[in-house]
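Peer 1: Chains as they are written, first to last, in our numbering: chain A, 911 to 1876; chain B, 56 to 323. The beta carbon of each residue, even a glycine, is placed where N, CA and C say it ideally should be.
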Amino acid sequence: MIWRVEIKDKESVFDAVGQAVACDIQDLGIESIDKVLVEQVFLIDGQITSKEIHKICRELLVDSVVQDYACLQKAVSSPKKKGFNLVEIAYNPGVMDPVEESTLKGIKDLGIVNVSSVRTAKKYLLFGNPTRKELDIIVNRVLSNKLIQHVVDHSSRISKISKETKGQKNVKVVVLDILNLNDKGLLKLSQEGQLFLNLNEMKTIQKHFRKLKRNPTDCEVETIAQTWSEHCHHKTFRGDVEYTCVENGKKKTSVIRNLLKSTIVKATYEINAPWCVSVFHDNSGVIKFDKDSHICFKVETHNHPSALEPFGGANTGIGGVIRDSLGTGLGAKPICNTDIFCFAPPHMSFKDLPEGSLHPKRVMKGVVNGVRDYGNKMGIPTVNGAIIFDERFVGNPLVYCGTIGIMPKDKVKKQAYKGDLIVSLGGRTGRDGIHGATFSSGELTEESETVSSGAVQIGDPIQEKKTLDVLLQARDQNLYTAITDCGAGGFSSAVGEMAEKLGCRVELDKAPTKYDGLTYEEVWISESQERMVISVPKKNIKKLLDLCASESVEATAIGEFTSTKRLEIFYQGAQVCDLDMKFLYDGIPKIIKKAVWHSSKGKDFKRTSPKNLTKNLEKVLSHYNVCSKENVVRRYDHEVQGGSVVKPFVGINCDGPSDASVVQPKFDSKKGIAISNGINVRFGMLDPYWMAASCIDEAIRQIIVVGGRLDNIAILDNFCWGNPDKPDRLGSLVRAAQGCRDIAISYRTPFISGKDSFYNEYAQKGKTISIPGTILISAMGLVDDIQKAVTMDFKEDGNLIYVVGDTFDEMGGSIYLDTLGSLGANPPKVNTKIALKSFKAIEKAIFKKLIRSAHDCSEGGLAVAIAEMAFSGELGATISLKKVPYKDKKKQNDVVLFSESNSRIIVEVESKNQVKFESLLKGVSFGCVGCVKQEKEVTVYGLDEKICIKSNIGALKQAWQKTLRW
Amino acid sequence: MAKNVKVLVLRTAGTNCDKETVFAFKDSGADVDLVHINKLFECKKKLSDYHILALPGGFSYGDDIAAGRIFANELRVKLGKDLKKFIKDGKLIIGICNGFQILVKAGILPGNLLNKEKEFVQTTTLMTNDSAKFEDRWTHLQTTGNCVWTKDIDGKVVYFPVAHGEGKFMCKTKGILKKIQNNRQVVFRYCTKDGKEPFYPDNPNGSVDDIAGITDVTGRILGLMPHPERHFFFTQHPFWTRFKTKARYGDGAKIFQNGVQYVKENLL
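(1) Under 9 Å, Cβ to Cβ, is there at least one residue of chain A near residue 293 of chain B?
(2) In the DSSP assignment, find the beta strand (DSSP E) that holds residue 1894 of chain A and state where it starts and stops.
(3) Please list, in chain order, all residues of the same chain as residue 269 of chain B whose beta carbon is under 7 Å from its beta carbon, the five residues on each side excluded.
(4) Quick one: list the residues of chain B neighbouring residue 1016 of chain A, beta-carbon separation under 9 Å, in chain order.
(5) Pick helix, strand or coil for residue 1441 of chain A, following the three-state DSSP scheme.
(6) Can a CB atom of chain B be found closer than 9 Å to the CB of residue 1548 of chain A?
(7) Could you tell me whether the stretch 254-265 of chain B touches the stretch 181-201 of chain B, where touching means 3 or more Cβ pairs closer than 8 Å?
(8) Give a yes or no on whether the minimum CB-CB distance between residue 244 of chain B and chain A is below 9 Å.
(9) Using a 10 Å radius around the Cβ and a threshold of 16 neighbouring Cβ atoms, would you call residue 1328 of chain A buried or exposed?
(10) Run through DSSP, which three-state label would residue 1258 of chain A get?
(11) Under 7 Å Cβ to Cβ from residue 224 of chain B, same chain only, skipping five residues before and after it: list those, please.
(12) Tell me the DSSP bridge mates of residue 1310 of chain A?
(13) Can you look up residue 1684 of chain A in the DSSP assignment and give me helix, strand or coil?
(14) Just curious, the beta strand (DSSP E) that residue 852 of chain A is in, first and last residue?
(15) Note down, in chain order, all residues in the stretch 74-97 of chain B with a beta-carbon under 7 Å from any beta-carbon belonging to chain A.
(16) Name the residues in the stretch 921-939 of chain A whose C-beta lies less than 7 Å from a C-beta of chain B; which are they?
(17) Quick test of the definition: if touching needs 3 or more C-beta pairs under 8 Å, does the stretch 200-218 of chain B touch the stretch 945-955 of chain A?
(18) Ordered along the chain, which non-local residues of its own chain (more than five positions away) have a Cβ less than 6 Å from that of residue 1608 of chain A?
(19) Please tell me whether residue 204 of chain B has its Cβ less than 9 Å away from any Cβ of chain A.
(20) For residue 940 of chain A, count neighbouring C-beta atoms within 10 Å of its own C-beta (all shown protein chains included) and say buried if the count is 16 or more, exposed if not.
(21) Name the residues in the stretch 264-291 of chain B whose C-beta lies less than 8 Å from a C-beta of chain A; which are they?
(22) Is the CB of residue 1005 of chain A under 9 Å away from at least one CB in chain B?
(23) Starting from residue 1000 of chain A, follow the beta strand (DSSP E) in both directions and report where the run begins and ends.
(24) For the alpha helix (DSSP H) that residue 1379 of chain A lies in, which residues bound it at each end?
(25) What is the DSSP secondary structure of residue 1137 of chain A, counted as helix, strand or coil?
(26) Determine the DSSP secondary structure at residue 1244 of chain A, reduced to helix, strand or coil.
(27) Going by beta-carbon coordinates alone, are residue 1617 of chain A and residue 1702 of chain A separated by less than 9 Å?
(28) Leaving out five residues on either side along the sequence, give the residues of the same chain with a beta carbon under 6 Å from the beta carbon of residue 1212 of chain A.
(29) Based on DSSP bridge pairs, tell me the residues matched to residue 1554 of chain A.
(30) Do you know offhand how far residue 66 of chain B's Cα is from residue 82 of chain B's?
(31) Using the DSSP secondary-structure output, state which residues sit across from residue 1507 of chain A in a beta bridge.
(32) Roughly how far, in whole angstroms, is the beta-carbon of residue 1392 of chain A from the beta-carbon of residue 1467 of chain A, given that I think they are within contact range, below 8 Å?
(33) Just reading off the alpha helix (DSSP H) that residue 1805 of chain A is part of, what are its end residues?
(34) Taking Cβ-Cβ distances below 9 Å as the criterion, which residues of the stretch 1246-1258 of chain A are in contact with chain B?
(35) At least one CB of chain A closer than 9 Å to the CB of residue 388 of chain B: is that the case?
(36) Does the beta-carbon of residue 1766 of chain A, which I'm using as the reference point, lie nearer than 8 Å to any heavy atom of the ligand ZN?
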């Protein structure tokens, strides 16, 4: 029997959640809703008495201090009272209800054992008089996402809580007839099966099975499709490219053999840093930290799922990258996260949205919430990030999530052995997340939201936290020999990878499932979250299972590693897969793609500098890409684990934007890690080469300004691009990869890991919107003594302000030009030789404690950097532009103030240290441009020595904070 | 007899501030065990072997249903007897953030105000912030009240970060609030940096009477939403780089040192 419990706040209690929903509705432009109240609904199924259900309510579900409840045997159909509408939203069958498991546990703790299942729903009371259409909009855009939720219809009485039960229990091995298919048939199979394989690949599979004189099973074809997917195999980056570069009317064509190896990987091998421990081949890149420990870093993308279901997509994105850390070596403990997002501007009007896409504001709220939920519950501080806006992210938002982990240095190597058991540990397998790997290897369309809905899921962070807790103990007791995470491709990819050189035998029916009725194929490729696969020597299995049981974590042996070099899978005794590992991993036909890059001189934007630039500075400060992201960042716990030394916000009011964050992973050591990122899509619209260069430069200088070491910075590349089968998209990718290679080599900052995400295009009615090719460079560096860390806020009246590094007339892609509606022509370049000198000088000055504050100069140029330093320290400044080291012909105040030339750092030095500081800057371009003032005003004297900016720091801060204050 | 102060830091699924809490007590001179609650049920560890029970922050059981609710029930139902003895023996308890939510929802705080013989009964709560958001920010706290954990900082303003979504303190009736106030059970109140009455965000969640932390009538059980263990060291202060004289400890260290000191003086 099902009991329905409805819980609501007492009348005197402020319903904060309802108020937040009302605000979201107002954001849609709907003004007919006056007030919203939210009630929680529990459906409890089981043989329990009325006395028991009331006990459950009083002692578990209801907070009697502030809540009342009603306990019903069935739903009362919605009262058609005037003045309010009632909408109830529940999860779809098969979607994990995050609250079910823990509620069941709570009920059991009360000594009530006959409850078989719990589902939850939310009841919204919408006061006001919305039209039918408005109500639909509210339901679809605020209250629910139809991919995972539905509106409950109370007219049909529920008799049992529906669970996923489709599918058959008796196994029937499905064989796909491909031996006799023609080209058209092969393509049809690829398309209809959501395999995302091209004709050549399908033919290769056909040929392989023709040789074997048999047809493949569905499971075999799926396994191949997963393994060969862009997501898992990185075909584009590992493939060859016929690259045509058109520069100044001259056309040059060359063939690049393996794009990845000839750019990113090449840089790392050429630098050959002795502190790199494990690069590219594990789940994250590993470098040395101190004499006992290593640290690892990985940044993932979760773009496609986040486009469809922002909360779930971002939620499982961060969950996935945390497992990457846990799956590195024999397991690293995650110590901090980073998150970088790209969205369309939140003010976009609904009519400008492509059909089937969600509004950017909703995407943004959902993504932020998803990251908050998972990161906070895992107890991992989110210490660094960025948010970038551009209209072309409308159908394809970008969600980058990164995790840094720490591990004992003897836990880097892993190797499964013949006879080791394959153990699945953590969450159970369900039908969620089927086809994620292949789905992210294709473009999104207006139909994606229905066709690919299986790829969307919601995470269960506490399951993952439990898994993390036991795995680190098992690691330290040496209970397993290898580990990897179940990410895209599920068991198929995790088990396959671990067994690549050995072979394995898997009995899929042993894998614990969330519900009955999954087919063997579904179990094999499901991407259910929170699962890790480990290889356990038989002698350790009891110890491992006991350890897991002691913390209520499920672990199950599902097979063993062999030496057959074959992937053999059984289900209820029947063999459903028998693949040659060599074919699976090396059989993919090499592809050659065409790429073209046209260097074009963008149109220079002719203008004269206004005499008074105060308003312009305010506009630049208010720009989406510059403004304060405090509202978002405060939602992440950035201090759990207690290691934060330089927080995302610094300054006297804790609201100044810090550059890199500094984290102290061990309380008994002064050593720290600095974490930063560089991203700038506007430069890429002009030249992806210089975008990549600028991003590396930005990430490095952010580490330098907080006190990081220059000679120990590791970087990660993350390419998000459009469809690489289109030559112009691939051309710009090649150009960016070359920029990465050249600048990384010159700075001697090796890539240790990376990721690519392609097909970020949104097709609708024959038109496609491609994202601007976007590279994210993430960096981590070492800080020898955290007590010497420096922050960006001005400290003291009378201190000198220096600009270190040259400014050029490089206005292309600048925020200033964007506020004037132009992209401009020349993006900033990087001169690594000169920059290295400045960076070394700053590093030394910080070591000698000569610097009171330092700030990276990036988007918005000098003007923004100085304004930020001033209002963060609640101090003013007087600046003379004539003193700024400036190296170009065009003498305009706006160029000096707003050009975004690379490699520049602004520092504050006490006047008593002037001589010492300047003596360190031998051979470096610098200028002492002014001083810090007690009066809370920023005054800038232009090149003509007349005042061009004069503003109270309160006004500047207000301009910077107001944009995203919601 | 040279006996040591023994602290039990209790964890379960979703606990996540355990390591720094363990460190804070160790650095303050205690022997600390970090124990999964299952170990207590299996009797592999005994509550009575310890002088201090610490419930660290986190999201026990995902904070499903309501923050701290499931863990609170588990303690009340399965360990209620042991806990009562622990309290009766004059031992100390501290609950930080999720730990505070647990203490309140289990009825251990503010304790039996009305009837001393009664079971643990919940009379106050910590509910969703007025902003309906999880927020991580630093808060100034006016220290008041009668509590062993805040012995020599009484009357001072301290600076700790909060990081929670459900920290709005509420009482079931006005009478209960009065009692807590009159008994000097309010230990921390949110305030401005000058110690004045706060508005949002100085009071980050809308707590009644700006209450951030309370104690029981004995002053030995402390629950608070802000995180003293996150301001244990000077370099955890959000703008420590502005100060020219550097110290080793931050404001929060005192709490742990006080707890350990009390045990040394009274229970060893």
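Peer 2: So, from the listed chains and residues:
(1) Locating residue 293 of chain B in the second sequence gives position 238, counting from the first residue. For residue 293 of chain B, the answer is yes, since a Cβ of chain A falls inside 9 Å of its Cβ.
(2) Beyond the ends of chain A as shown, which are 911 and 1876, falls residue 1894 of chain A; an answer cannot be given.
(3) The sequence position of residue 269 of chain B within the second sequence is 214, counting from 1. Cβ within range, chain order: 164, 165, 235, 240, 241, 242, 278.
(4) Counted from its first residue, the first sequence places residue 1016 of chain A at position 106. Neighbours of residue 1016 of chain A on chain B, chain order: 116, 119, 120, 124, 125, 128, 129.
(5) Counting from 1 along the first sequence, the entry for residue 1441 of chain A is found at position 531. Residue 1441 of chain A: strand per DSSP, three-state reduction.
(6) Locating residue 1548 of chain A in the first sequence gives position 638, where the first residue counts as 1. Yes, residue 1548 of chain A counts as interfacial toward chain B.
(7) yes
(8) Residue numbering aside, residue 244 of chain B sits at position 189 when the second sequence is read from its first letter. For residue 244 of chain B, the answer is no, since every Cβ of chain A falls outside 9 Å of its Cβ.
(9) As a first step, residue 1328 of chain A is located in the first sequence; it is residue number 418 there, counting from the start. Flag for residue 1328 of chain A reads exposed.
(10) Taking the first residue of the first sequence as 1, we reach residue 1258 of chain A at position 348. Coil at residue 1258 of chain A, not helix or strand.
(11) Here residue 224 of chain B refers to the residue found at position 169 of the second sequence. Contacts found: 179, 181, 262, 263, 266.
(12) What you label residue 1310 of chain A is simply residue 400 of the first sequence in a count that begins at 1. DSSP, once it has assigned bridges, lists A:1211, A:1250 as partnering residue 1310 of chain A.
(13) Mapped onto the first sequence, residue 1684 of chain A falls at position 774. Residue 1684 of chain A: strand per DSSP, three-state reduction.
(14) A query on residue 852 of chain A cannot be resolved here, the shown segment of chain A reaching from 911 to 1876 and no further.
(15) 74, 75, 78, 91, 93
(16) 924, 926, 927, 929, 930
(17) no
(18) Counted from its first residue, the first sequence places residue 1608 of chain A at position 698. Within the same chain, residue 1608 of chain A has close Cβ partners 1588, 1768.
(19) For the purposes of this step, residue 204 of chain B is taken as residue 149 along the second sequence, with counting starting at 1. No, because no Cβ of chain A sits closer than 9 Å to the Cβ of residue 204 of chain B.
(20) Your numbering for residue 940 of chain A matches position 30 in the first sequence. Residue 940 of chain A comes out buried.
(21) 282, 284, 285, 287, 288, 290, 291
(22) For this step, residue 1005 of chain A is matched to residue 95 along the first sequence. No, residue 1005 of chain A lies away from the interface with chain B (no Cβ there is under 9 Å from its Cβ).
(23) In the first sequence, the residue the question calls residue 1000 of chain A occupies position 90. That run of the beta strand (DSSP E) goes 994-1001.
(24) Position 469 of the first sequence, counting from 1, holds the residue named residue 1379 of chain A. Looking at the DSSP string, the run of the alpha helix (DSSP H) that includes residue 1379 of chain A is 1371-1386.
(25) Locating residue 1137 of chain A in the first sequence gives position 227, where the first residue counts as 1. Helix at residue 1137 of chain A.
(26) In the first sequence, residue 1244 of chain A corresponds to position 334, counting from 1. Residue 1244 of chain A: strand per DSSP, three-state reduction.
(27) By one-based count along the first sequence, residue 1617 of chain A stands at place 707. By one-based count along the first sequence, residue 1702 of chain A stands at place 792. Cβ atoms of residue 1617 of chain A and residue 1702 of chain A: not closer than 9 Å.
(28) For the purposes of this step, residue 1212 of chain A is taken as the residue at position 302 of the first sequence. These residues qualify, in order along the chain: 1223, 1227, 1309.
(29) Numbered from its first residue, the first sequence carries residue 1554 of chain A at position 644. The partner list for residue 1554 of chain A (beta bridge, DSSP) reads A:1573.
(30) As a first step, residue 66 of chain B must be located in the second sequence, where it is residue number 11. As a first step, residue 82 of chain B must be located in the second sequence, where it is residue number 27. If I take the Cα positions, the gap works out to 19 Å.
(31) Locating residue 1507 of chain A in the first sequence gives position 597, counting from the first residue. In the DSSP output, where bridge partners are listed per residue, residue 1507 of chain A has A:1155.
(32) Residue 1392 of chain A sits at position 482 when you count from the first residue of the first sequence. Residue 1467 of chain A sits at position 557 when you count from the first residue of the first sequence. Rounded, the Cβ-Cβ distance is 14 Å, inconsistent with contact.
(33) Residue numbering aside, residue 1805 of chain A sits at position 895 when the first sequence is read from its first letter. Where residue 1805 of chain A is concerned, the enclosing alpha helix (DSSP H) stretches over 1803-1808.
(34) none
(35) There is simply no residue 388 of chain B to check, as chain B begins at 56 and stops at 323 in what is shown.
(36) Looking at this structure, you won't find the ligand ZN or any other ligand, since it has none at all.
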